[in-house]
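Residue numbers (my numbering): 97 to 388. C-beta atoms are modelled at their ideal positions from N, C-alpha and C, and glycine is treated no differently. Model, not experiment: these values are computed from the prediction. Here's the structure we're looking at; comments come further down.
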């Protein structure tokens with residue numbers, strides 16, 4: 097079997113985690129980069145991946161990067177220009193189909209199929225629909241809220257600023273979380289067990305906590321109080337469909353975490369993520385946010 101996988105976004109959280117898990121599983125990895133001599137590309141090469149030049153806006157470069165590969169891990173970078181994001185995702189799927197890849201794994205977003213009217217999610221849904229329409233053998237992974245978001249300095253929603261975590265959820269609402277590490281694990285599982293994953297769209301999460309529980313856990317590990325502030329979806333100008341989605345008492349995301357843990361025994365819950373370096377990253381983010 098051809099064991100070569102092209103990974104887009106290889107220097108990012110999802111792509112980087114996928115590279116790590118694929119290499120550990122004995123796959124040959126081509127890591128898509130723009131500058132093969134840069135430090136990130138060199139780190140990938142030292143890990144055992146093959147950096148290859150490509151640009152999601154250049155179909156020719158993507159065709160060359162994909163040629164001869166068995167599979168593609170596709171992730172579109174966050175982009176305020178949603179039309180460009182959709183175009184990139186559609187073009188990547190088209191190039192993969194033209195190359196005859198055996199398996200395309202696409203990193204979408206949890207809730208993409210719920211028609212919330214949130215642009216970032218709607219763009220992923222458009223790409224998902226295109227992948228299905230062209231008949232590409234594919235798996236769609238829909239990760240929920242990243243645990244790593246707590247460690248991004250200055251992040252408006254989901255980050256911690258001045259000792260306060262801010263988001264749209266009610267303090268007692270169930271909110272699911274996923275570690276980027278586990279997105280890579282599920283991508284590798286999909287490539288390794290195609291009979292179980294091709295044709296599937298799977299929402300993935302590793303834990304479910306309320307915001308109140310989340311800040312309590314973070315506060316205990318940091319040894320300081322962390323507060324929570326809810327902002328309204330209306331105040332951000334989100335559509336009524338998004339307001340209803342965030343207010344749903346069942347939770348915005350509904351991944352079957354016990355079933356996912358059967359597939360991936362190492363699936364991280366939030367306390368484990370905190371112990372495995374998450375607390376340090378949050379501390380560093382808070383320190384950076386203070387400008388000290």
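- Across the structure, residue 175 and residue 163 are spaced so that their CA atoms are roughly 27 Å apart.
- Annotation: residue 275 to residue 301 spans about 8 Å, alpha carbon to alpha carbon.
- Between the region 253 to 269 and the region 278 to 286 there are fewer than three C-beta pairs closer than 8 Å, too few to call the two in contact.
- For residue 156, the uninterrupted alpha helix (DSSP H) segment begins and ends at 155 to 162.
- Beta-carbon to beta-carbon, residue 351 and residue 271 are separated by about 11 Å, too far to satisfy the 8 Å threshold.
- Proximity to residue 377 across 153, 327, 245 and 321 peaks at 245, based on C-alpha coordinates.
- Around the beta-carbon of residue 268, fewer than 16 other beta-carbon atoms lie within 10 Å, marking it exposed.
- Residue 318 carries a helical assignment under DSSP once its states are collapsed to helix, strand and coil.
- Straight-line measurement puts the Cα of residue 316 at about 42 Å from the Cα of residue 184.
- For the pair residue 329 and residue 343, the CB atoms are nearer than the 9 Å cut-off.
- For residue 218, the enclosing alpha helix (DSSP H) covers residues 215 to 229.
- In the three-state scheme derived from DSSP, where H, G and I count as helix and E and B as strand, residue 151 is classed as strand.
- Listed in chain order, the alpha helix (DSSP H) elements of length 4 or more contained wholly in the region 173 to 216 are 178 to 195.
- The Cβ neighbour count for residue 291, taken over all protein chains shown within 10 Å, is under 16; the residue is labelled exposed.
- For residue 314, the CB contacts under 8 Å within the same chain, skipping 5 residues up- and downstream, are 246, 256, 261, 322, 370, 375 and 378 in chain order.
- Within the same chain, 254, 255 and 381 come within 8 Å of residue 248 by CB-CB distance, once the 5 residues on both sides are set aside.
- At the C-beta level, residue 168 and residue 140 stay beyond 9 Å of one another.
- The three-state secondary structure of residue 248, taken from DSSP, is coil.
- Straight-line spacing of the CA atoms in residue 357 and residue 273 works out to 14 Å.
- Per DSSP, reduced to three states, the secondary structure at residue 240 is coil, with no helix or strand assignment.
- Residue 288 and residue 331 have their C-alpha atoms roughly 44 Å apart.
- With 16 or more neighbouring CB atoms inside 10 Å of its own CB, residue 278 falls in the buried class.
- The region 320 to 382 contains, as complete beta strand (DSSP E) runs of 3+ residues, the segments 323 to 326 (chain order).
- Within the same chain, and ignoring the five residues on either side of residue 338 in sequence, the residues whose Cβ sits closer than 8 Å to its Cβ are 212, 213, 214 and 329.
- Beta-carbon to beta-carbon, residue 126 and residue 148 are separated by about 5 Å, close enough to satisfy the 8 Å threshold.
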